[in-house]
Every structure is written in structure tokens, then in C-alpha cells.
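Residue numbers (this note's numbering): 98 to 658.
Using N, Cα and C, we set each Cβ at its ideal position, and we do this for glycine too.
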């Protein structure tokens with residue numbers, strides 16, 4: 098709905114909410130101004146009272162000093178006291194800083210006054226307490242204006258022979274306070290300006306940090322941030338400069354298997370596999386680097402966050418377990434394709450041989466050669482299928498046998514192998530068996546290639562002789578290579594470990610995937626030295642009792658295959 102044009106114009110003229118930095122600056126400036134103004138008012142009132150008290154004490158001191166002066170008492174006894182007392186009073190007035198010093202007789206007739214014309218006239222003010230023998234102070238408006246004054250009796254041998262009054266005008270006191278307040282106002286103004294500058298500098302930095310957004314915009318951005326963070330299926334992990342977890346979303350917790358409170362904990366304390374922990378602790382950026390956890394294959398990307406100094410690391414995690422499994426299947430299919438291509442090539446060679454024999458008129462020898470070749474190929478297929486009738490594993494073994502033969506390695510199925518079709522439970526998919534057996538055979542062929550009598554022996558059967566919790570599926574692959582150093586028996590299953598040079602995609606992933614798959618199904622994986630030398634990898638996977646009863650042991654002449 099479109100708003101009317103007048104209303105739109107009014108809304109456009111309304112001031113936008115100030116940024117958070119601007120609001121804080123205004124609040125701090127007002128607070129500082131109020132504090133400085135309050136302190137100034139308090140100081141003014143306090144100084145005014147103190148100035149009045151100081152003026153009163155000063156007047157009292159002057160009157161008492163004059164009343165106690167012997168020269169004053171001597172002058173009073175003369176015929177013309179004013180002649181001697183007026184110069185004296187003027188000197189005291191100049192030296193003490195009071196505005197007037199008035200000496201008078203007991204009838205309050207002045208002998209001295211700052212204005213000579215007023216000498217001989219009656220004192221304007223109270224004298225009764227002084228005539229009673231008491232010194233007192235008062236604020237009174239006399240001939241010089243409103244003043245703070247003190248009046249003291251002058252005694253001579255106990256008799257009151259005169260009175261003396263000294264005072265300071267209120268205007269003079271106000272002038273003193275005005276000078277102090279002016280100085281205070283200057284100091285307060287300087288403090289206010291300095292505080293304003295400091296507040297502005299601090300808030301300028303805050304404005305840069307908040308990008309000029311106000312509190313509402315920051316709150317809305319936080320809500321969007323939280324919603325997006327938990328909606329993303331990929332894992333997101335943010336580490337601070339000390340490699341502690343500063344932020345992690347739901348996907349990151351799931352992919353890393355991190356339970357409980359992980360915020361603030363170091364990456365090294367999360368219990369992750371050592372290669373993955375090393376990648377997260379590294380300062381070098383990582384791009385789609387493959388790492389394994391207990392049951393997942395993760396593509397890890399890391400990017401340092403820096404702004405003049407290292408502030409942390411942003412880590413994204415992507416689950417590629419299914420993708421890696423599909424790639425394994427694709428590799429198997431490629432293997433099958435290469436095997437078929439190899440077999441087609443060999444078949445073409447045999448066919449050319451048969452045709453050449455026929456052309457040479459040796460038909461009987463051609464038939465004999467063709468029959469022998471067909472029997473050999475069929476025998477290999479029959480032996481594999483008879484031992485392992487599970488279709489996926491049988492196809493895998495046939496394809497690997499053709500590839501191994503092309504590389505000069507003989508792949509045989511041991512005599513005690515036997516797995517029927519339908520033996521495997523739904524919880525143990527053929528895809529996982531392809532991952533396990535395919536990687537073990539590939540590594541074995543690589544190890545055996547180039548050795549004397551290069552051979553890889555595969556055993557696939559059920560076994561309940563050494564099982565403690567029931568029957569197990571036994572997969573064993575032996576080769577005639579150099580074997581595995583016992584010191585590396587555990588390291589061979591880590592991601593990145595390999596005796597072969599690394600290719601563009603890296604090496605050392607196959608055996609790590611095998612161990613991950615075996616652990617996911619609660620099985621066991623071990624490596625030892627084979628009887629004839631080389632390495633022997635053995636996998637034991639638990640099977641339900643009903644599945645084990647369907648198994649059978651088929652003797653296959655592997656060496657004749």
C-alpha cells in the first residue's frame with residue numbers, strides 16, 4: 098500500500114534515529130555538563146559562605162587589634178582625638194584590606210571615617226551590645242552601603258571610653274567571589290571541552306565499530322545473524338586469537354560431534370582427530386581440505402581474520418561423507434570400465450590370433466586356442482562367483498582382478514572364502530564393503546606391483562571362532578610387497594600417511610576411510626605381516642546371528658584362477 102504524498106513528505110522530514118555512537122555522545126556530554134554545572138553551583142555557594150565568614154573574622158581581628166592599641170587609648174584622652182586617630186585609622190584600613198575603620202566615643206559620635214565629612218556625626222548602626230561590653234558582628238547598610246562589620250568596645254582601666262567598628266562591603270565580598278567563580282567557570286569550561294573531545298574520540302571509534310547503526314538496527318542485525326547462523330546446514334566455527342571457540346553454529350556442533358559447552362574452550366581440548374586439530378590451529382589458510390572424524394568426511398576451509406594483527410580464524414565445515422562414498426563408487430565403476438577395456442583389448446588380441454590361425458589353414462589349432470581361452474576366463478568368473486555370490490562384491494573382485502592382471506599382479510580368492518547373496522544385513526550396505534575391500538585391494542596391488550611373484554590374496558567369509566559377541570564378517574587382504582613397519586602399524590590408518598608420492602589430490606585417504614567405515618559399524622581393523630612376507634590387513638565386522646547361518650565355506654582353487 099502506497100502512503101499519500103503529504104504523509105510521505107512528513108515522514109521524510111522526520112529526523113532519523115541517531116546512531117548508537119551519537120546517542121552515547123549526547124548522553125555523555127549532557128551528563129558531563131550537569132556534573133560540571135552542579136559542581137560550579139556548589140562551589141559558588143560554598144565560596145560565598147566562606148568569603149562572608151572570612152570577612153567577618155577579618156573585621157573582628159581589626160577591631161580587637163585597634164581596641165587593644167595603647168596609642169588609641171592615649172589619643173582618646175587628648176582634647177582632639179580625631180587629629181591622631183584619623184591618620185591611624187587610614188593606615189590600618191590600607192594595611193588590613195578592610196573598607197572602613199571607624200573609631201567613636203561611647204555616644205557613637207565618630208572620631209574617624211573614610212569620608213572626612215562624616216567625622217563628628219553619629220555612627221549608623223547598632224552599638225548597644227558593645228556599650229554593654231560585648232564584641233559583636235552584623236550585616237548592616239551604612240553610609241558606604243551594605244557591609245559585614247564588627248563592633249568592639251575600647252576599655253581604659255575597665256571603663257568603656259570608646260567604640261571601634263571595622264567592616265568590609267558586601268560588594269567587595271561579591272567581587273572576590275566573582276573572581277573565584279570566573280576562574281572556576283574557566284576550569285569547568287575547560288573540563289567540559291576536554292571531556293567532550295574525549296567523548297567524541299571514543300564515540301568516533303564506537304561509530305566505526307557499529308558502522309553508524311543505532312540500537313534498533315544493531316538489535317535487528319543480531320536477530321538476523323542468529324537466525325542465519327542456525328539456519329545454515331554447513332558447519333561454521335569462529336576462533337579467537339588464542340584459538341578458543343568464540344562462535345559455533347548447530348551444524349558445526351553436529352559435524353564435529355561437540356557436545357556440552359564448547360564456547361571459550363581451546364580447539365585442542367575438543368577431542369578432535371590430530372590432523373583436524375592441526376588444521377584448525379594452523380595459521381595457513383585451508384581450501385577444501387579433506388579431514389576425517391569418527392564417522393564423517395569433512396571438507397575444511399579456514400581463513401584468518403586480521404586487522405593489523407591476528408584476531409582469529411573463520412572455519413567452515415562441509416560434510417562430504419556421501420560425496421566421498423559416491424566418488425568411491427565412481428572410482429569402482431571406472432575400475433570396472435578399465436577392466437572391461439583391458440579385457441576387450443586382450444579379447445581383440447586373442448581374436449586376431451584365432452583369425453590368423455584360420456587364415457594359415459590351422460583351423461584345429463585355432464579352435465583349441467579359442468576353447469582354452471574361453472575356459473580360462475569362465476573358470477575365473479565361476480571361481481569368484483562360487484566363492485562370493487554377493488553380486489556387488491563379486492563384480493568388485495572381478496574388476497580388481499582384471500586391473501591387477503593388467504599391472505602384472507595376480508589377484509586370487511582364497512580357498513576358505515564364501516559369502517552368499519543375501520548374507521549381508523541391511524545395516525551393512527554393499528557400498529561400505531566396496532569402500533573397505535576396494536581400498537584394501539588397491540593398496541595391496543600398489544604394494545605388490547614389481548615384487549617377485551606379485552600376488553594379492555583376498556579372503557571374504559564369516560567367522561565365529563574368535564568372536565566374543567557373535568559371528569563376524571571377515572575380510573582379509575594379503576600382498577607380496579615389502580610389508581608395513583610395525584612402528585607404523587597405527588600411522589598407516591591416519592589421513593595423509595602414504596609411502597607413495599602425493600598427487601594433486603593428496604594421498605593417504607584410502608586406509609583412513611577404511612578405518613572410519615569399520616569404526617562406524619563397530620568392527621575391528623588390524624595390520625600384520627603376511628606369512629609369505631608383505632602386509633596382511635584384516636577387517637572384522639559384527640553380523641547378526643541369522644545372517645551368519647546363511648553363510649557357507651566354499652573351497653576355491655585360487656592359485657588356478
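{"query": "Could you tell me which uninterrupted alpha helix (DSSP H) segments, each at least 4 residues in length, are contained entirely in the stretch 182–258, listed from first to last along the chain?", "result": "225–228"}
{"query": "Taking the straight line between their C-alpha atoms, what separation do you get for residue 640 and residue 348?", "result": "32 Å"}
{"query": "Provide the residue span of the beta strand (DSSP E) that contains residue 523, from first to last.", "result": "Neither: residue 523 is in no beta strand (DSSP E) and is coded neither H nor E."}
{"query": "Comparing C-alpha positions only, which one of 289, 408, 265, 397 sits nearest to residue 132?", "result": "289"}
{"query": "Between which two residues does the beta strand (DSSP E) containing residue 336 stretch?", "result": "332–337"}
{"query": "Starting from the N-terminal side, write out each stretch of the beta strand (DSSP E) that is 3 residues or longer and does not extend beyond the stretch 350–411.", "result": "383–389, 394–403"}
{"query": "Pop quiz: residue 212 and residue 199 are said to be a contact at Cβ under 8 Å. What is the actual Cβ separation, rounded to whole angstroms?", "result": "Contact flag wrong, Cβ pair sits at about 10 Å."}
{"query": "Along the chain, where does the beta strand (DSSP E) containing residue 343 start, and where does it finish?", "result": "342–345"}
{"query": "Have a look at residue 541 and residue 570 and give me their C-alpha separation to the nearest angstrom.", "result": "20 Å"}
{"query": "Label residue 372 either buried or exposed according to how many other C-beta atoms from any shown protein chain fall within 10 Å of its C-beta, with 16 as the threshold for buried.", "result": "buried"}
{"query": "Rounded to a whole number of angstroms, what is the C-alpha to C-alpha distance between residue 252 and residue 226?", "result": "14 Å"}
{"query": "Could you give the residue range of the beta strand (DSSP E) that holds residue 166?", "result": "Note, residue 166: premise wrong, no beta strand (DSSP E); not H, not E."}
{"query": "Does residue 219 pass the burial test, meaning 16 or more other C-beta atoms within 10 Å, or should it be called exposed?", "result": "exposed"}
{"query": "Straight-line CA distance for residue 284 to residue 181?", "result": "48 Å"}
{"query": "Report the rounded CA-to-CA distance for residue 638 versus residue 451, giving the unit in angstroms.", "result": "47 Å"}
{"query": "For residue 576, list the residues DSSP reports as bridge partners.", "result": "553"}
{"query": "So, is residue 147 buried or exposed, given that buried needs 16 or more other C-beta atoms within 10 angstroms?", "result": "exposed"}
{"query": "Using only the alpha-carbon positions, how far apart do residue 578 and residue 554 sit?", "result": "12 Å"}
{"query": "Locate the alpha helix (DSSP H) running through residue 612, then write down its first and last residues.", "result": "607–617"}
{"query": "So, with DSSP's three-state summary, where would you put residue 641?", "result": "coil"}
{"query": "Between 331, 330, 351, 358, which has its C-alpha nearest residue 343's C-alpha?", "result": "358"}
{"query": "Would you kindly work out how many angstroms separate the C-alpha atoms of residue 521 and residue 382, rounded to a whole number?", "result": "43 Å"}
{"query": "Under 8 Å Cβ to Cβ from residue 600, same chain only, skipping five residues before and after it: list those, please.", "result": "Summary for residue 600: the model assigns pLDDT 41, below 50, so the residue's position carries little reliability; its value from the coordinates is reported in the next sentence. Cβ neighbours of residue 600 beyond the five flanking positions: none."}
{"query": "DSSP three-state label for residue 416, please.", "result": "strand"}
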